[in-house]
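Down below is the structure, laid out as structure tokens.
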Amino acid sequence: MLRPVSARRPVVVALGALVGAVALGVSMGPADLSFVATLRVLLSHVPLLHFHSGVSRIDADVLWQIRLPRVVLGGLVGAMLAGGGAAFQGVFRNPLADPYLLGVAAGAGLGATAVIVAGSQLSELLPLAAFAGAVGAVTLTYVVGATVGRQGATVSIVLAGVAVAALLTAIQTFLQQQHAQDLQSVYAWILGSLTVATWSDVVLILPYVALSAVVLLAHRRLLDVLRVGQDEADSLGVRSSRVRITIVAAATLGTAAAVAVSGLIGFVGIIVPHTVRLTTNASYRVVVPVSMIGGAAFLILADVAARTVLAPSEIPIGVVTAFVGAPFFLFVLRSRRVGRST
Amino acid sequence: MISFEGVTVRYESTVALSDLTDQVDAGEWVGLIGPNGAGKTTLLRAVARLVPHDGVIEVDGVTVSSMSPKALARLVAYVPQQPELPPDMTVGQYVLLGRTPHIGYFGFETRTDRAVCAELLRSLDLAVMADRRLSTLSGGELQRLVLARALAQQAPVLLLDEPTSALDLGRRVDALELVDGLRRERGLTVLSALHDLTLAGQFADRLIMLGEGRAVSTGKPDEVLTEEALARCFGASVRVIRSEDGDLVVVPRRWR
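Structure, rendered in structure tokens:
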């Protein structure tokens, strides 16, 4: 009997990492609060339990209003970027594909920049504008790509994505240069940050991220079928163009929601899925769920580094993901190569 | 089992296959021969509905264009000339892909699916490699593996595009013997493009010779493999020799 691909062990390991990351994320900060205090505060928020944390009001607020939403939001964003990256790599059968491939980042950047330069009274609209820009950009890419190339051809869609991203980035840069006084805010948004994370941000993106995650997880077997290419997938009875559009739509929705509240955090969508592939199994039944959990853990840890290394000032989280992620990824790649050749 | 009626395939303005009418009986092995670009691959792809066609193709009495992709994949298994072989996929995972037409959209392989694939790996001498990655297999092993995946579809029709092109002389005969054995054992109908005319003559029950998208001649190997017809169709000088045990041997010759 053939053994089915099991994601159990890597999922358990990744969950362990996530628990550790969350514990670190809520314990680290200027106010000296223990993990136990955090747990007590958490319990006190469980409905119907009527548990009194015994933690001072200020400390409880720091945990509940500042640290916890930041950790949860970081987890959601990280899970989405890594899961979306894994899905895009599968759909486009390209190891360098990431969730920004079809213009999500450029579209979100343009939307956010437009709101920032239009004036601070519109700042409530920033996530919405970034989200709309991101979804609009990918829609444009798909429409252009599908009309230019053979129906369902991934190459023309990827090329259209490059063109759309270049166009939108040009417009964004133009806007930014015309409003030099806002340069700092635009730049800070683009580099990505979880500094002002609140529960309302979490509530805002949760439906999109949850829907996207469910759809991507549900397609993990079909992503494995797509690994043999469009022709062979079709000959196995899969309507591969339709499957690809569904996955791209789901990944785009979730990624757009994530960047709308966090800015353009790079690199997560590439290194996390590849680290999972190299250390466990290349099957999407493992790569999709473990990337999501691992991506959440990774971004929470990156955020801990972002706010502690140069405390009290913060480093942009995008800088941390690249600075820590790149060498780690190279290390994994190298040790794997060596392991294989011996 | 497969019937073609006025089948034409166009790629934009060029006609790759023109007005083909023929049929393949159940249990028969029909070989497609002809020079490069004659339409062999196109014909196979049209049956698997990977290219749109005019005219009617029926498999098991049902028109191919009216079937759902899944229903077609349960009737027809297609092996392209150069199958995509993800290097980091395991042998077991790869064979299980063949069960796709039997699994629901959001479903996963059942015990039955795994038992079918395990049995195939055993019968093709691949069982010990179930956990190995495809990148570690030899050409002959990969060939058997690709066949195993196609057989996992449990389809009565097998479409093979040049199944021996990547193999050395000995492995070529092995691969075709294997197909022939499986065909007899499982009652499969085989339609295959074959480059090697000598082997085509030895293995196929019947040959269809294609030239520029048209069926130039069809019939038993010794009716199709004649020096004049091959010279005309391939634009090459060939000699057809009958060996002592009755096999036809097609030998290409230099122009003099």
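Keeping their order, the protein sequence lines are chains R and V. For reference, each letter of the first sequence is one residue, going 81 to 422 in our numbering. For reference, each letter of the second sequence is one residue, going 17 to 272 in our numbering. Idealized CB from N, CA, C, for every residue including glycine.
What residue does the beta strand (DSSP E) around residue i start on, and which one ends it?
| i | result |
| --- | --- |
| Phe-20 of chain V | 18-27 |
| Ala-231 of chain V | 230-235 |
| Val-126 of chain R | Run containing Val-126 of chain R: none; DSSP gives neither H nor E here. |
| Val-215 of chain R | Element bounds for Val-215 of chain R: not the beta strand (DSSP E) but the alpha helix (DSSP H), 206-228. |
| Arg-269 of chain V | 264-269 |
At a Cβ threshold of 7 Å, is residue i touching chain R?
| i | result |
| --- | --- |
| Cys-133 of chain V | yes |
| Leu-204 of chain V | no |
| Lys-86 of chain V | yes |
| Glu-21 of chain V | no |
| Pro-51 of chain V | no |
| Pro-102 of chain V | yes |
| Leu-150 of chain V | no |
| Leu-113 of chain V | yes |
| Glu-193 of chain V | no |
Could you tell me whether any Cβ in chain V is nearer than 7 Å to the Cβ of residue i?
| i | result |
| --- | --- |
| Arg-307 of chain R | yes |
| Ser-421 of chain R | Below a pLDDT of 50, predicted positions are generally treated as unreliable, and Ser-421 of chain R, at 38, falls in that range; the measurement from the model is reported next regardless. Closer than 7 Å: no. |
| Arg-319 of chain R | yes |
| Ala-178 of chain R | Note on identity: in this sequence residue 178 of chain R is Asp, with Ala being the wrong assignment. Answer no: the Cβ-Cβ gap between Asp-178 of chain R and chain V never drops below 7 Å. |
| Asp-311 of chain R | yes |
| Val-418 of chain R | Note that Val-418 of chain R scores a pLDDT of 48, beneath 50, so its modelled location is shaky and nothing firm can be said. |
| Thr-355 of chain R | no |
Could you name the residues of chain R that residue i contacts, counting a contact when the two beta carbons are closer than 8 Å?
| i | result |
| --- | --- |
| Gly-108 of chain V | Leu-82 and Arg-83 |
| Glu-178 of chain V | Neighbours of Glu-178 of chain V on chain R: none; closest Cβ ~15 Å, over 8 Å. |
| Glu-74 of chain V | Going along chain R, no residue has its Cβ under 8 Å from Glu-74 of chain V, so there is no contact; the nearest lies around 18 Å. |
| Pro-117 of chain V | Leu-316 and Gly-317 |
So with CB distances below 7 Å, who are the chain R contacts of residue i?
| i | result |
| --- | --- |
| Phe-122 of chain V | Ala-298 |
| Asp-141 of chain V | Under the 7 Å cutoff, chain R gives no residues; its nearest Cβ is about 15 Å from Asp-141 of chain V. |
| Met-105 of chain V | Arg-307 and Ala-362 |
Residue i touches chain V at which residues, Cβ-Cβ below 7 Å?
| i | result |
| --- | --- |
| Ser-315 of chain R | Ala-64, Leu-66, Ala-89 and Tyr-94 |
| Ser-363 of chain R | Gln-109 |
In chain R, what lies closer than 9 Å to residue i by C-beta?
| i | result |
| --- | --- |
| Leu-125 of chain V | The sequence given here places Glu at residue 125 of chain V; Leu does not occur at that position. Within 9 Å Cβ-Cβ: Leu-82, Pro-84 and Arg-301. |
| Ala-146 of chain V | Leu-82 and Arg-83 |
| Pro-99 of chain V | Val-308, Gly-309 and Glu-312 |
Which residues mark the beginning and the end of the alpha helix (DSSP H) in which residue i is found?
| i | result |
| --- | --- |
| Pro-110 of chain R | Pro-110 of chain R -> no alpha helix (DSSP H), and no H or E assigned at all. |
| Arg-150 of chain R | 148-172 |
| Pro-353 of chain R | 348-359 |
| Leu-381 of chain R | 364-388 |
| Ser-321 of chain R | 320-342 |
| Arg-258 of chain V | Segment 253-258 is the beta strand (DSSP E) holding Arg-258 of chain V; no alpha helix (DSSP H) there. |
| Val-197 of chain R | 184-198 |
| Leu-82 of chain R | It is not in any alpha helix (DSSP H) - Leu-82 of chain R carries neither H nor E in the DSSP assignment. |
| Leu-246 of chain V | 243-250 |
| Ala-177 of chain R | Neither: Ala-177 of chain R is in no alpha helix (DSSP H) and is coded neither H nor E. |
| Arg-137 of chain R | 137-141 |
Between residue i and residue j, how many whole angstroms is the CB-CB distance? I'm expecting something under 8 Å.
| i | j | result |
| --- | --- | --- |
| Val-399 of chain R | Leu-263 of chain R | With 8 Å as the limit, Val-399 of chain R and Leu-263 of chain R do not qualify as a contact, their Cβ atoms being about 18 Å apart. |
| Ser-320 of chain R | Leu-306 of chain R | 6 Å |
| Ala-191 of chain V | Lys-56 of chain V | Actually they do not touch by this definition, with Cβ atoms about 17 Å apart. |
| Trp-45 of chain V | Arg-199 of chain V | 6 Å |
| Ala-336 of chain R | Val-215 of chain R | 5 Å |
| Thr-360 of chain R | Val-366 of chain R | 5 Å |
| Val-228 of chain R | Ala-240 of chain R | 6 Å |
| Gln-252 of chain R | Ala-186 of chain R | 7 Å |
| Val-95 of chain V | Leu-176 of chain V | 5 Å |
| Thr-37 of chain V | Val-31 of chain V | The pair is not a contact, with the Cβ atoms about 15 Å apart (cut-off 8 Å). |
CB of residue i to nearest heavy atom of the ligand MG: below 6 Å?
| i | result |
| --- | --- |
| Val-412 of chain R | This structure does not include the ligand MG; it has no bound ligands of any sort. |
For chain A, is any of its Cβ atoms less than 7 Å away from the one on residue i?
| i | result |
| --- | --- |
| Val-412 of chain R | This model lacks chain A altogether, as its protein chains are R and V. |
Output, in chain order, the set of chain V residues within a Cβ distance shorter than 9 Å of residue i.
| i | result |
| --- | --- |
| Asp-281 of chain R | Simply none; closest approach about 31 Å. |
Residue ranges of each alpha helix (DSSP H) within the stretch 63-134 of chain V, 4 or longer:
85-91 and 107-113
Note down, one range per segment and in chain order, each beta strand (DSSP E) of at least 3 residues found wholly within the stretch 31-57 of chain V.
45-49
Considering only residues of the stretch 239-308 of chain R, which uninterrupted alpha helix (DSSP H) runs meet the minimum length of 4 residues and lie entirely inside it, listed in chain order?
263-271, 279-298 and 300-306
With a floor of 3 residues, list each beta strand (DSSP E) that falls wholly inside the stretch 150-233 of chain V, ordered by position along the chain.
173-177, 205-209 and 222-227
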